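Below is one structure, written out as structure tokens; the observations come after it.
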Amino acid sequence: MTDRNEMFEKMKGLIEPFNKKGAELSDETTFAGDLEWDSLTVMDFVAEVEDEFDIIITMNMQAEIEKVGQLVDAVMKLAE
Amino acid sequence: MTDLFSKFDPLIQQREELLSTGVTDPFSLVMEEVKSPTVAICNGKETILLGTYNYMGMTFDEDVIAAGKDALEKYGSGTTGSRVLNGTYQGHKECEEALREFYDMDHAMVFSTGYQANLGIISAIAGKGDYVIIDIDSHASIYDGCAMGNAETVPFRHNDVEALEKRLKRLPADAGKLVVLEGVYSMLGDLAPLKEMVRVSKEAGAMVLVDEAHSMGFIGENGRGVCEEQGVIDDCDFIIGTFSKSVGTVGGFCVSNHPKFDVMRRVCRPYVFTASLPPSVVATAATSIRKLMHGSNKRAHLWENSKTLHGGLKALGFELGTETPQSAIIAVIMPDLAKGAMVWEALLEEGLYVNLAIPPATPAGMTLLRCSLCAEHTSEQVQDILGRFERAGKAVGII
Ligand SMILES: Cc1ncc(COP(=O)(O)O)c(C=O)c1O
Numbered sequence: 001m002t003d004r005n006e007m008f009e010k011m012k013g014l015i016e017p018f019n020k021k022g023a024e025l026s027d028e029t030t031f032a033g034d035l036e037w038d039s040l041t042v043m044d045f046v047a048e049v050e051d052e053f054d055i056i057i058t059m060n061m062q063a064e065i066e067k068v069g070q071l072v073d074a075v076m077k078l079a080e
Numbered sequence: 081m082t083d084l085f086s087k088f089d090p091l092i093q094q095r096e097e098l099l100s101t102g103v104t105d106p107f108s109l110v111m112e113e114v115k116s117p118t119v120a121i122c123n124g125k126e127t128i129l130l131g132t133y134n135y136m137g138m139t140f141d142e143d144v145i146a147a148g149k150d151a152l153e154k155y156g157s158g159t160t161g162s163r164v165l166n167g168t169y170q171g172h173k174e175c176e177e178a179l180r181e182f183y184d185m186d187h188a189m190v191f192s193t194g195y196q197a198n199l200g201i202i203s204a205i206a207g208k209g210d211y212v213i214i215d216i217d218s219h220a221s222i223y224d225g226c227a228m229g230n231a232e233t234v235p236f237r238h239n240d241v242e243a244l245e246k247r248l249k250r251l252p253a254d255a256g257k258l259v260v261l262e263g264v265y266s267m268l269g270d271l272a273p274l275k276e277m278v279r280v281s282k283e284a285g286a287m288v289l290v291d292e293a294h295s296m297g298f299i300g301e302n303g304r305g306v307c308e309e310q311g312v313i314d315d316c317d318f319i320i321g322t323f324s325k326s327v328g329t330v331g332g333f334c335v336s337n338h339p340k341f342d343v344m345r346r347v348c349r350p351y352v353f354t355a356s357l358p359p360s361v362v363a364t365a366a367t368s369i370r371k372l373m374h375g376s377n378k379r380a381h382l383w384e385n386s387k388t389l390h391g392g393l394k395a396l397g398f399e400l401g402t403e404t405p406q407s408a409i410i411a412v413i414m415p416d417l418a419k420g421a422m423v424w425e426a427l428l429e430e431g432l433y434v435n436l437a438i439p440p441a442t443p444a445g446m447t448l449l450r451c452s453l454c455a456e457h458t459s460e461q462v463q464d465i466l467g468r469f470e471r472a473g474k475a476v477g478i479i
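Written as structure tokens, this is what we have:
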């Protein structure tokens, strides 16, 4: 199992190309509020994460994920 | 008290900003008089209609109108009841019979709209623990069908066969899967690579539903849609369609060869808990569907119109949604919302109506002027349309 810090760093790397605002990234960073992503950016980013970890993040799960920390936890579970 | 409407403030503001530029409100146009499938009076002015989805021009067909009048007189103005109670008349059965013949399929079920057909079928067949896999550019009715059901929804990048295949492979092998595709995507007028998509879906053990709303009557040898044209109709488990485009009235349907299909009449809530279509509507639909079976001349003219308009707009320097004409929808891409609204208004002043499509309904935040051709547009009208586009585009300075 990947350790959480490692996963967080990996996620940061994936977020960076979409981080047009150059927002500071922490567990508490929100996708809609801090990163100001619209639904299209979210879809592109999710596809990227799915392919990186060979997982599926359904729309139902996406609806529950608002912060970077929540995404890290969800992906760790899915990639187990 | 919290005003529940405050969440709409950004939307209200977007509209106010648009209207403050002095542009006519693009979403409150009134057709004062309708003269034919291609001409109406708007703001007192004779206007060519190029944004109606009335592809086959059936709305003023003599036989269609006669059938509607006859049914109105014989059966009255409405059924006042659900299909499963007092709302199934002879005409509803005949309409379903016409659909079975049109598609050469065992079962047909008529809904009150195409929106409800997607809502009902998708939410009913994909239940808890199942997966619905959809293209991200899917129509709102498909998204809403997913939201209403209890299945997990998995979106994939528009028309990307590999993205679909990868996602299918990641899902549990034994889970129930429904892949929902559209033949023609209505925003850009592009076709889905159904041949490959249906193949990878079947390989993954998924059932396939194809929404052929924008292809009925003119794509495929018998007008059954893109799935017929690409030779995969026999592998499509469900086809959804609408009467509100080529058929020229209102209503929706699903056709299928699934042996147990009839149970849908009891489990689709948007079928059970709403009134059925008025007798005149199903009579016009049935007559229109039967005429569409023999519409090859009209079909050829519709294609000619689409090709001429696509080629002409491209030559004028407009940016279009597809490189080549793929369907009867031609989307002209505008640089931004303000310019889009200005060109839309200039066209209306020229006496030409097209659909203005703006985010979030459009892919990638685009503003589009969507043109849909009709088999009843004459070649002269198409030339006229090109002239009007040229003047409007130049007046706004986008070509
Ligand atoms: C792809 C697609 N599916 C379904 C519908 C809904 O059809 P209806 O107008 O019958 O509700 C539409 C049209 O609005 C559509 O474009």
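These protein sequence lines map, in sequence, to chains H and V. For the first sequence, the residue numbers in the working numbering are 1 to 80. For the second sequence, the residue numbers in the working numbering are 81 to 479. Don't be surprised by glycine CBs; every beta carbon is placed ideally from N, CA and C. Note that this is a predicted model, so its numbers are computed, not measured.
In terms of Cα proximity to Ser360 (chain V), the closest of V:Val260, V:Cys334 and V:Gly328 is V:Gly328. Looking from the CA of Asp54 (chain H), the closest CA among V:Ala286, V:Leu268, V:Arg250 and V:Ser407 belongs to V:Arg250. One finds nothing in chain V with a Cβ atom closer than 7 Å to the Cβ of Asn5 (chain H); even the nearest lies about 26 Å away. Restricted to the region 238-289 of chain V, the beta strand (DSSP E) segments that are unbroken, complete and at least 3 residues in length are 257-262, listed in chain order.
Taking 7 Å as the cut-off, one finds no heavy atom of ligand 1 near enough to the beta carbon of His390 (chain V). Contact between the region 187-205 of chain V and the region 366-381 of chain V is absent: fewer than three C-beta pairs spanning the two stretches fall below 8 Å.
Check the Cα spacing between Val241 (chain V) and each of V:Phe333, V:Val260, V:Asp254 and V:Thr354: the tightest is with V:Val260.
For Asn123 (chain V), the closest alpha carbon among the candidates V:Gly431, V:Lys246, V:Glu276 and V:Gly445 is that of V:Gly431.
Taking all protein chains shown into account, Gly22 (chain H) has fewer than 16 neighbouring C-beta atoms within 10 Å of its C-beta and is therefore exposed.
One Cα belongs to Asp141 (chain V), the other to Pro273 (chain V), and the distance between them is close to 33 Å. Taken in chain order, the complete beta strand (DSSP E) segments of 3 or more residues contained in the region 433-476 of chain V are 435-437 and 447-452. Closer than 7 Å to some heavy atom of ligand 1: that does not describe the Cβ of Tyr433 (chain V).
Excluding its 5 nearest sequence neighbours in each direction, Glu112 (chain V) has C-beta neighbours in its own chain below 6 Å: Ile121, listed in chain order. The count of Cβ pairs closer than 8 Å, one atom from the region 195-202 of chain V and one from the region 342-359 of chain V, reaches three, so the stretches are in contact.
Near chain H, meaning a CB-to-CB distance below 8 Å, the residues of the region 212-242 of chain V are Ile216, Cys226, Glu232, Thr233, Val234, Pro235, Phe236 and Arg237. Taking non-hydrogen atoms of ligand 1 into account, the C-beta of Asp291 (chain V) is found less than 7 Å away from one of them. Residues of chain H with a Cβ closer than 8 Å to the Cβ of Pro117 (chain V) do not exist, since the nearest Cβ in that chain sits about 35 Å away.
With contacts defined by Cβ atoms closer than 8 Å, Met185 (chain V) and Ser356 (chain V) do not form a contacting pair. Taking a beta-carbon distance threshold of 8 Å, Ala204 (chain V) does not count as an interface residue toward chain H. Proximity to Val46 (chain H) across H:Val75, H:Asp3 and H:Asp34 peaks at H:Val75, based on C-alpha coordinates. Restricting attention to V:Lys474, V:Lys387, V:Gly148 and V:His219, the CA atom closest to the CA of Pro440 (chain V) is found in V:His219. Runs of beta strand (DSSP E) with 3 or more residues, each lying fully within the region 357-433 of chain V, are found at 409-414, listed in chain order.
Ala441 (chain V) is outside the set of residues whose beta carbon lies under 8 Å from a beta carbon in chain H. The shortest C-alpha to C-alpha distance from Gly467 (chain V) to any of V:Leu427, V:Cys454, V:Ile478 and V:Val476 is the one to V:Leu427. Put simply, the CB of Gly445 (chain V) is near chain H, with a gap under 8 Å to one of its CB atoms.
In this structure, Ile213 (chain V) keeps its C-beta atom at 8 Å or more from the C-beta atom of Val190 (chain V). In chain order, Val412 and Ile413 place their CB closer than 8 Å to the CB of Glu399 (chain V), counting only its own chain and leaving out the 5 sequence neighbours on each side. For Glu309 (chain V), the uninterrupted alpha helix (DSSP H) run begins and ends at Val306 to Glu309, by DSSP.
Chain V places no beta carbon closer than 8 Å to that of Ile65 (chain H), leaving this residue out of the contacts.
Not one heavy atom of ligand 1 falls within 7 Å of the beta-carbon of Asn134 (chain V).
For Glu64 (chain H), the secondary structure class from DSSP, reduced to helix, strand or coil, is coil. Taking 8 Å as the upper bound for CB-CB distance, Leu244 (chain V) and Met277 (chain V) are in contact here, some 6 Å apart. Going by DSSP, Gly321 (chain V) is part of the beta strand (DSSP E) stretching over Phe318 to Thr322.
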